[in-house]
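Number of protein chains: 2
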Amino acid sequence: MPNGGQPTIVSIAARAGVSIASVSRVLNGQGARRDTVERVRRAAAELGYVPNAVARSLKDGRTRQLTFAMPDIGNPVYVAMVRAIQAVTKAAGYRLLLHSTDAVAEDELAVLHSLGDRTSDGLILCPIRITDEHIEALTTAAGPVVVIGSLPDGVPVDSVRADSVAGSAMAVAHLFRTGRRRIAFINGPSDTVPGRNRDLGYRTALTACGLPHDEALVVHTDFGIDSGAAAVRRLLPARPDALFCANDQLALGAAHALLARGVRIPEDIAVAGMDDSALAQAGWPPLTSVDLGSSTRGRRAAELLLDRLEARGGTGTAPPPRTTTAPPRLVVRASTAPATDSPVTRTA
Amino acid sequence: MPNGGQPTIVSIAARAGVSIASVSRVLNGQGARRDTVERVRRAAAELGYVPNAVARSLKDGRTRQLTFAMPDIGNPVYVAMVRAIQAVTKAAGYRLLLHSTDAVAEDELAVLHSLGDRTSDGLILCPIRITDEHIEALTTAAGPVVVIGSLPDGVPVDSVRADSVAGSAMAVAHLFRTGRRRIAFINGPSDTVPGRNRDLGYRTALTACGLPHDEALVVHTDFGIDSGAAAVRRLLPARPDALFCANDQLALGAAHALLARGVRIPEDIAVAGMDDSALAQAGWPPLTSVDLGSSTRGRRAAELLLDRLEARGGTGTAPPPRTTTAPPRLVVRASTAPATDSPVTRTA
DNA sequence: GTGAAAGCGCTAACAA
DNA sequence: TTGTTAGCGCTTTCAC
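For the protein sequence lines, the chains are A and B, in the order given. One point on numbering: in the UniProt record's numbering, the residue at position 83 of the first sequence is 83, and numbering is uninterrupted. One point on numbering: in the UniProt record's numbering, the residue at position 228 of the second sequence is 228, and numbering is uninterrupted.
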């Protein structure tokens, strides 16, 4: 047995004394004589038959599998996305293939190309950066793709983006409203799209609040809890009364560094993070954070993709690419409660 | 074109003016005349050919896909496993199919049965509980399975387990060594294997330390940060000087509840958690935690599974099932630093 | 209502 | 070295 002993429609047909066509029909709920149905059903049950999904896929050209490719499954943001995507795909009867690109662009391109191997019916891609090669690969992709991230105009692909400009601005405005006037910013790398957007939101909000922009209050670093702590050491001489951090891990590291030197949160310095991951809630005091809608983006991306898959058999022309933006949401927690002592004494 | 316009070996053969067999050979690195090789290569490149993995799978009976099924991808423990598994499978050239069972036993059984559809070559299953049906399904599984969890003897399946008995005992012994004498225990549900094992470890360690076992110091609850906080309220009247929690989320919730009522950690009450997830590090003070080796277990499970897959073509008889136990590791952080005031005054 | 047969895309045995 | 062909397991005409 070249098959490993697994029953196939052939074994069932033999056992039931019918043709394989009848087996197929019965098993797919098509009409057949009562007697035939019964014999096939029984034979299948006795043999413990499970249809071979690979053969079926080859036949009808779809696998009922979807791929999600993201930089790192260790990051809470992507975990939230996986979770949301998983929920949608499962409900729709699709399996989910997970691919960690390790934030390597070539890996992302490889995933894009591998769409051609028909292993999955579609792809949700979360690229770290969009290069010309990405655009080329997206344009010529062998199947439907949804990008989670910001795409230049004209790329014929659905996308779901976060509004980190608005999100950053929300956080800064909130800190201002709670009486903070020297709002420092711990940002991620400045050469990434998210880094630039957060920076833009920060500056915009400062201006809107009528606050000066002080370079001494801004630090660029990489993400990660230790980086947050290190950044604090560099910022303290500038006497900030609030810390806005580009993600929760930075915020957490910053908070720890502050507490370790006896700085009170939020009485002396308020701290706000971004992503509203489990870490924000876990912090002490619990951290105010801006939810950029990872979950929403994941869900939406999955819905868009499924929608493309449905639409396939329909009208000849594919609908134009759609772009959704997930609105940010400020989650206020104890780490940014208004300072009890007069903020006026702190003003620069 | 029933195919969606994708090039196949037929299109390449036509373009290169050779037979499909030649195309296959060239593309699979078999010998051919220089001229033939070149023409096939070029045709394939021009057409942007990508081999159809489904067709290939049907041919050789393997998909190079592995499935990982666990209760909930939102849980840090499973995230750690996914990450480790992903790393191993990726290196071995396998794709990873993720399946969230939502902690529903029927879903676990369904996954087990669906191994028969040949969608993946093997399965790593992380069951919440092992029922007789599980054992039945595991015994008759259509492909290799590795279970992460404790399996009764005689089930012909590889497994990787955590040693939560030893892990719990380590935590308790550590608390004892740092001067604690009234060590409370916030455990998960008592009707689960992990719950029972942690309880056993707790009791064993108490006895080993010569401490009495006080029912008033033990609370059973479900996992989750809120449950931890609620448990603290129930425990405080019993005047504990240490809290051992069955996972990090409970510990975090407990810590928050303590801090909120002005109890100092670790001066007044020490807190230790379990799993050593990112949350433990995120807590304030950073939480001592017992690493039960989620990462190690994931990696090991993947290795065992791959090993089975390799072994397949080998000797007729399959090697006997193997069981690995991941050793627990105590990660000491600030939340259990020795109390500064004499522990003697606290003794019951 | 049922069976024979073609074909999805690929690999490999066999012939030439 | 190359081409023809069978076959992986299934669905689906097309005859009967």
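In this text, a Cβ means the ideal position worked out from N, Cα and C, and glycines have one as well. Predicted model, so just to flag it, every value in this text is computed and none were measured.
#1: Out of A:270, A:161, A:78, A:102, point me to the one whose CA is closest to residue 193 of chain A's CA.
#2: So residue 289 of chain A is in the beta strand (DSSP E); what residue range does that whole segment cover?
#3: Looking at the structure shown, is residue 245 of chain A part of a helix, part of a strand, or coil, going by DSSP?
#4: Look at the Cβ atom of residue 88 of chain B, then the Cβ atom of residue 101 of chain B, and state whether they are nearer than 8 angstroms.
#5: Just grab the DSSP bridge partners of residue 100 of chain A for me.
#6: With DSSP as the reference, please indicate the residues paired to residue 324 of chain B in a beta bridge.
#7: Could you tell me which uninterrupted beta strand (DSSP E) segments, each at least 3 residues in length, are contained entirely in the stretch 95-154 of chain A, listed from first to last along the chain?
#8: Going by DSSP, name the residue or residues bridged to residue 329 of chain A.
#9: Mind checking residue 108 of chain B: buried by the 16 CB within 10 Å criterion, or exposed?
#10: State the CB to CB distance for the pair residue 280 of chain B and residue 333 of chain B, rounded to an integer number of angstroms; the pair is presumed to be in contact (CB under 8 angstroms).
#11: Identify the contact partners of residue 30 of chain B in chain A, using a Cβ-Cβ distance below 9 angstroms as the criterion.
#12: For chain B, check one thing: does any of its Cβ atoms lie closer than 8 angstroms to the Cβ of residue 97 of chain A?
#13: Taking the CB atoms as reference points, tell me whether residue 248 of chain A and residue 275 of chain A lie closer together than 8 angstroms.
#14: Please specify which runs of the beta strand (DSSP E), each continuous and at least 3 residues long, are wholly inside the stretch 187-218 of chain A, giving them in chain order.
#15: Could you tell me which chain A residues have their CB closer than 8 angstroms to the CB of residue 82 of chain B, listed as they occur along the chain?
#16: Pull up the DSSP beta-bridge partners for residue 271 of chain B, would you.
#17: Please state whether the Cβ-Cβ distance between residue 69 of chain B and residue 126 of chain B is less than 8 angstroms.
#18: Would the stretch 215-228 of chain B count as touching the stretch 244-258 of chain B if we require 3 or more Cβ pairs under 8 angstroms?
#19: Does residue 266 of chain B have its Cβ less than 8 angstroms from a Cβ in chain A?
#20: Looking at the C-beta of residue 256 of chain A, does it have a partner C-beta in chain B at a distance below 8 angstroms?
#21: Counting only Cβ pairs nearer than 7 angstroms, list the residues of chain B close to residue 52 of chain A.
#22: In angstroms, rounded to a whole number, what distance separates the CA positions of residue 346 of chain A and residue 260 of chain B?
#23: Could you run through the stretch 278-301 of chain A and flag, in chain order, every residue whose CB is less than 8 angstroms away from some CB of chain B?
#24: Is the CB-CB distance between residue 122 of chain B and residue 157 of chain B below 8 angstroms?
#25: So residue 7 of chain B and residue 277 of chain B are in contact, right, with Cβ under 8 angstroms, and what is the actual spacing, rounded?
#26: Can you pull the chain A residues whose beta carbon is under 7 angstroms from the beta carbon of residue 412 of chain B, in chain order?
#27: At what residues does the alpha helix (DSSP H) containing residue 236 of chain A begin and finish?
#28: Is there a Cβ from chain A that is less than 8 angstroms from the Cβ of residue 192 of chain B?
#29: Thinking residue 97 of chain A and residue 114 of chain A are a contact (beta carbons under 8 angstroms), I'd like their distance in whole angstroms, please.
#30: With DSSP as the reference, label residue 85 of chain B as helix, strand or coil.
#31: With 8 angstroms as the threshold, decide whether the Cβ of residue 343 of chain B is near any Cβ in chain A.
#32: Contact criterion: CB-CB distance below 8 angstroms. Does residue 57 of chain A meet it with respect to chain B?
#33: Taking the alpha carbon of residue 266 of chain B as the reference point, which residue from B:188, B:116, B:183 has its own alpha carbon closest?
#34: Can you check which of these residues, A:240, A:273, A:65, is closest to residue 263 of chain A by C-alpha distance?
#35: From what residue to what residue does the alpha helix (DSSP H) around residue 57 of chain B run?
#36: Measuring straight from C-alpha to C-alpha, what distance separates residue 86 of chain B and residue 99 of chain A?
In short, the structure shows the following:
#1: A:161
#2: 288-291
#3: strand
#4: no
#5: A:70
#6: B:160
#7: If only complete runs of 3 or more residues are kept, the stretch 95-154 of chain A shows the beta strand (DSSP E) at 95-100, 122-125, 145-148, in order along the chain.
#8: Residue 329 of chain A pairs with A:291.
#9: buried
#10: 7 angstroms between Cβ atoms; contact.
#11: Those within 9 angstroms of residue 30 of chain B in chain A number zero; the least Cβ separation is about 20 angstroms.
#12: yes
#13: yes
#14: none
#15: 73, 98
#16: B:243
#17: yes
#18: yes
#19: no
#20: yes
#21: 117, 118
#22: In this predicted model, residue 346 of chain A has a pLDDT of only 36, less than 50, meaning its place in the structure is not dependable; the value taken from the coordinates is given anyway. Answer to the nearest angstrom: the Cα atoms are 27 angstroms apart.
#23: 278, 279, 281, 282, 283, 284, 286
#24: no
#25: That pair is no contact at about 47 angstroms.
#26: As displayed, chain B neither begins before 1 nor continues past 348, which places residue 412 of chain B out of reach and without an answer.
#27: Element bounds for residue 236 of chain A: n/a, residue is neither H nor E.
#28: no
#29: The Cβ separation is near 10 angstroms, so there is no contact.
#30: Note: residue 85 of chain B maps to helix in three-state DSSP.
#31: Note that residue 343 of chain B scores 41 on pLDDT, short of 50, meaning its location in the model is unreliable and no value can be drawn from it.
#32: yes
#33: B:183
#34: A:240
#35: Unbroken alpha helix (DSSP H) run through residue 57 of chain B: 53-60.
#36: 8 angstroms
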